[in-house]
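Okay, so here's the structure we're looking at.
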Amino acid sequence: MESLTGKTVIVTGASKGIGAATAAAMIDAGATVIAHYGGDRAGVEAATAAAKPEQVTLLQADFADMDAVDAFWADAVEAADGQIDVLVNNAGIMRQAGGIEDPIEAWDEAWTRSMAVNVHAPARLLRHAVRGWLQAETGGSVIAIGSWVTTRGTSNPGAISYAASKAAIAAATKTVARNYAAKGILAYVIAPGVVRTQMSVDSAAKTGGEAAVTATLPMGEWVPPSDIAEMAVFLAEGRARHLTGATIDLNGAAYIR
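Numbering-wise (the working numbering), the sequence shown opens with residue 161 and increments by one.
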């Protein structure tokens, strides 16, 4: 069922993991997709391979560079003929070193990169999107891919900057929800637990290994990226307007608030 036909969706970090699954799901739902990637062109091409002619546009940008973020947005708006309906802020990095016990050089590098890619870049896109919707008086939706570490912290001490950065962009997204709901602008945070991505595999290696992490999960399995993608499609449909501002936990009962 092509529930998103006629809508244009930006998915950042679409070359792997959650972003790749989300881009594919949006395409399957009939959306026109603008898929961002950093350096993995082959990955984003694979993720969007099922697209019909002219259904997808691939745009590269280094999200550590705010000029590149601004240029990406301008290119996306041009590609979409001015119509962006949904922004999925997914792109992010997780440094595995840079904790309190690591050298100050690693600490500084982790915090600098995490704040740039995980906070400043998505916040910049958030700003562009909301300002565009306000000017056009069309409304729109922002879907932030967050993490359960925003409320529980992370068990990986080297990823402290990642946890802080995810909390920051989640708060920014909720602020949009509170202030612009009457303008038809909706904003959601999806907070996954342990997802079957390379990022999670790398993190598990720092916290006892994959088997040890799996043993802590009530369902005994990691969350498949497709679960997050399907939730993103549902939110993009706009049928859950009064869910705006919510954080949707997807962790298989591993963390219940």
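For glycine and all other residues, C-beta sits at the position ideal for the given N, C-alpha and C.
Predicted model, so just to flag it, every value in this text is computed and none were measured.
- The residues Arg255, Gly258, Ala270, Trp271 and Ser274, in chain order, have a CB closer than 7 angstroms to that of serine 321 in the same chain once the five nearest residues on each side in sequence are set aside.
- DSSP, reduced to helix, strand and coil, places tyrosine 322 within a helical segment of the structure shown.
- Within the segment 210–263, complete alpha helix (DSSP H) segments of at least 4 residues are found at 226–239, given in chain order.
- Our two residues, isoleucine 329 and proline 352, have alpha carbons roughly 15 angstroms apart in a direct line.
- Cβ-Cβ separation between asparagine 278 and lysine 334: approximately 16 angstroms, too far for a contact (criterion under 8 angstroms).
- Runs of the alpha helix (DSSP H) lying entirely within the segment 305–373, each at least 4 residues long, are 309–312, 320–340 and 358–365 in chain order.
- A Cβ-Cβ separation of about 13 angstroms leaves valine 361 out of contact with proline 385 under the 8 angstroms criterion.
- Taken through DSSP and simplified to helix, strand or coil, glycine 190 comes out as coil.
- One alpha carbon belongs to aspartate 230, the other to alanine 296, and they sit about 19 angstroms apart.
- For a cut-off of 8 angstroms, the C-beta gap from alanine 337 to threonine 404 is around 5 angstroms, short enough to register as a contact.
- Contact between the segment 286–303 and the segment 238–252 is present: three or more C-beta pairs spanning the two stretches fall below 8 angstroms.
- Pairing histidine 280 with methionine 226 gives a Cβ-Cβ distance under 8 angstroms.
- Shown here, glycine 203 sits in a helix according to DSSP, grouped into three states.
- In terms of Cα proximity to isoleucine 303, the closest of Ser163, Lys167, Val171 and Gly166 is Val171.
- Here the alpha carbons of lysine 366 and tyrosine 415 stand approximately 20 angstroms from one another.
- Residue range 385–396 is occupied by the alpha helix (DSSP H) that includes valine 393.
- Ranking Ala323, Gly300 and Leu377 by CA distance to the CA of alanine 342 puts Gly300 first.
- Counting only the Cα atoms, alanine 400 lies some 22 angstroms from tryptophan 308.
- Just so you know, the alpha carbons of alanine 206 and leucine 218 end up roughly 11 angstroms apart.
- The beta carbons of valine 193 and alanine 211 sit closer together than 8 angstroms.
- With contacts defined as CB atoms closer than 8 angstroms, leucine 410 and isoleucine 350 qualify as a contacting pair.
- At the C-beta level, methionine 186 and valine 169 come within 8 angstroms of one another.
- Per the C-alpha coordinates, the member of Ala239, Val216 and Leu377 positioned closest to alanine 413 is Leu377.
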